[in-house]
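Chemist: Residue numbers (the working numbering): -7 to 288.
Attaching a single structure in structure tokens format; questions to follow.
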């Protein structure tokens, strides 16, 4: 019987790779991260399995160490295309949301989309809809402002998902809160980059037993020269932090009256800003209290 030579292992590997490459793609097992979700006209990317540390919208850090585990119902992390936020299913609102705004995000007013439940929430979460606010006497208050996303129809529609909405008194939503939003966009129009975060705390009852009405709404705005990051601690950087009561009768109160510090907001909410920054830099930024005066 003739002797059969053994084929070297490296040749066997090469042959196997050639055979695999000849198999049509449709017959190969697919590796996916989940399909994009389309609701109406917007496409919402699936929530990646991550703590979000790499997201451009998490310049402040993951403020509550939120996770993408569906069992973490009161601190569930969603990384959207236009923002990142921690959602609280018990409250029916966010705990906090953070996002980045620059001049290219702004633009002329665009047609207003419909409010919709957020399809990115896990199936075991309760669904909050437009009519859950009806007849309550509270506004559907945006956390990420619609006007911060006028340049993109897709990103603007993301601001109308109900996870971006909290119950705000008309006096708050339409006056000092709105004035602060306009002030912030003015800085972006002038060419600065903005890193913003907003959230709620407190409990003054609920809407239809599903949505907790907060006692306070807070916001942090860090204004930096274009292309700079917060950790660069540029001397031109400005820090605005406000803590506003969610009350009636404040229509004539200027937003500057509610100026505070990030450190004070931390003490009231239990959140942790800039947790990866050196302690000295944290102290410098979090205890800063800028005013409207001075050059932007």
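Every residue, glycine too, gets a C-beta built ideally from N, C-alpha and C.
Sort 225, 53 and 78 by Cα distance to residue 156 and report the nearest one.
Modeler: Of 225, 53 and 78, the residue nearest in Cα terms is 78.
Chemist: Can you tell me which of 81, 148 and 268 puts its alpha carbon nearest to the alpha carbon of residue 115?
Modeler: Checking every option, the nearest Cα to that of residue 115 belongs to 81.
Chemist: Quick one: measure Cβ to Cβ for residue 125 and residue 103, integer angstroms, because I've assumed they're closer than 8 Å.
Modeler: The pair is not a contact, with the Cβ atoms about 21 Å apart (cut-off 8 Å).
Chemist: Closer than 6 Å by C-beta to residue 58: which residues in its own chain qualify, once you throw out the five before and the five after it? Chain order, please.
Modeler: Excluding sequence neighbours, residue 58 sits near 67, 69 and 78.
Chemist: Going by alpha carbons, who is nearest to residue 194 out of 184, 208 and 186?
Modeler: Residue 194 has its Cα closest to that of 208, out of 184, 208 and 186.
Chemist: Kindly provide the ranges of any beta strand (DSSP E) runs that are 3 or more residues long and lie completely inside the region 149 to 188, ordered along the chain.
Modeler: As far as the region 149 to 188 is concerned, its whole beta strand (DSSP E) runs of at least 3 residues are 157 to 160.
Chemist: Using only the alpha-carbon positions, how far apart do residue 179 and residue 62 sit?
Modeler: Cα to Cα, residue 179 sits roughly 37 Å from residue 62.
Chemist: What is the rounded straight-line gap between the Cα of residue 50 and the Cα of residue 123?
Modeler: Roughly 31 Å separates the two Cα atoms.
Chemist: What are the complete alpha helix (DSSP H) segments, minimum 4 residues, inside the region 109 to 153?
Modeler: Complete alpha helix (DSSP H) runs here, min 4: 145 to 150.
Chemist: Taking the C-alpha atoms as reference points, what is the distance between residue 96 and residue 271?
Modeler: Their backbone Cα atoms lie some 33 Å apart in a straight line.
Chemist: Could you name the residues of the same chain whose beta carbon sits closer than 7 Å to that of residue 39, not counting the 5 residues immediately before and after it, in chain order?
Modeler: In this predicted model, residue 39 has a pLDDT of only 45, less than 50, meaning its place in the structure is not dependable; the value taken from the coordinates is given anyway. Around residue 39: 60, 70, 71 and 112.
Chemist: Along the alpha helix (DSSP H) that carries residue 257, what are the first and last residues, could you check?
Modeler: Residue 257 -> alpha helix (DSSP H) spans 254 to 261.
Chemist: Apart from the five residues on each side of it in sequence, which residues of its chain come closer than 6 Å, Cβ to Cβ, to residue 220?
Modeler: Once the five neighbours on either side are set aside, the close Cβ partners of residue 220 are 226.
Chemist: In the structure shown, what three-state DSSP assignment does residue 78 receive?
Modeler: Residue 78 falls in the strand class under three-state DSSP.
Chemist: Measuring alpha carbon to alpha carbon, tell me which residue in 152, 198, 251 and 105 is nearest residue 130.
Modeler: Residue 198 is the option with its Cα nearest to residue 130.
Chemist: Return the chain-ordered list of same chain residues with a C-beta closer than 8 Å to the C-beta of residue 109, the five sequence neighbours on each side being excluded.
Modeler: Cβ within range, chain order: 119, 120, 121, 153 and 154.
Chemist: I'd like to know whether the C-beta atoms of residue 186 and residue 93 end up nearer to each other than 7 Å.
Modeler: Cβ atoms of residue 186 and residue 93: closer than 7 Å.
Chemist: On the CB-based measure, 16 or more other CB atoms within 10 Å of its CB, does residue 53 come out buried or exposed?
Modeler: Classification of residue 53: buried, given that the 10 Å Cβ count is 16 or more.
Chemist: Name the residue from 189, 273, 175 and 146 whose alpha carbon lies nearest to the alpha carbon of residue 76.
Modeler: Minimum Cα distance to residue 76 is reached at 189.
Chemist: Out of curiosity, what's the CA-to-CA distance linking residue 101 and residue 140?
Modeler: Computed Cα separation, rounded: 10 Å.
Chemist: Expressed to the nearest angstrom, what Euclidean distance is found between the alpha-carbon atoms of residue 143 and residue 277?
Modeler: Cα-Cα distance, rounded: 30 Å.
Chemist: Going by other Cβ atoms of all chains shown within 10 Å of its Cβ, with 16 needed for buried, is residue 230 buried or exposed?
Modeler: By the 10 Å Cβ count, residue 230 comes out buried.
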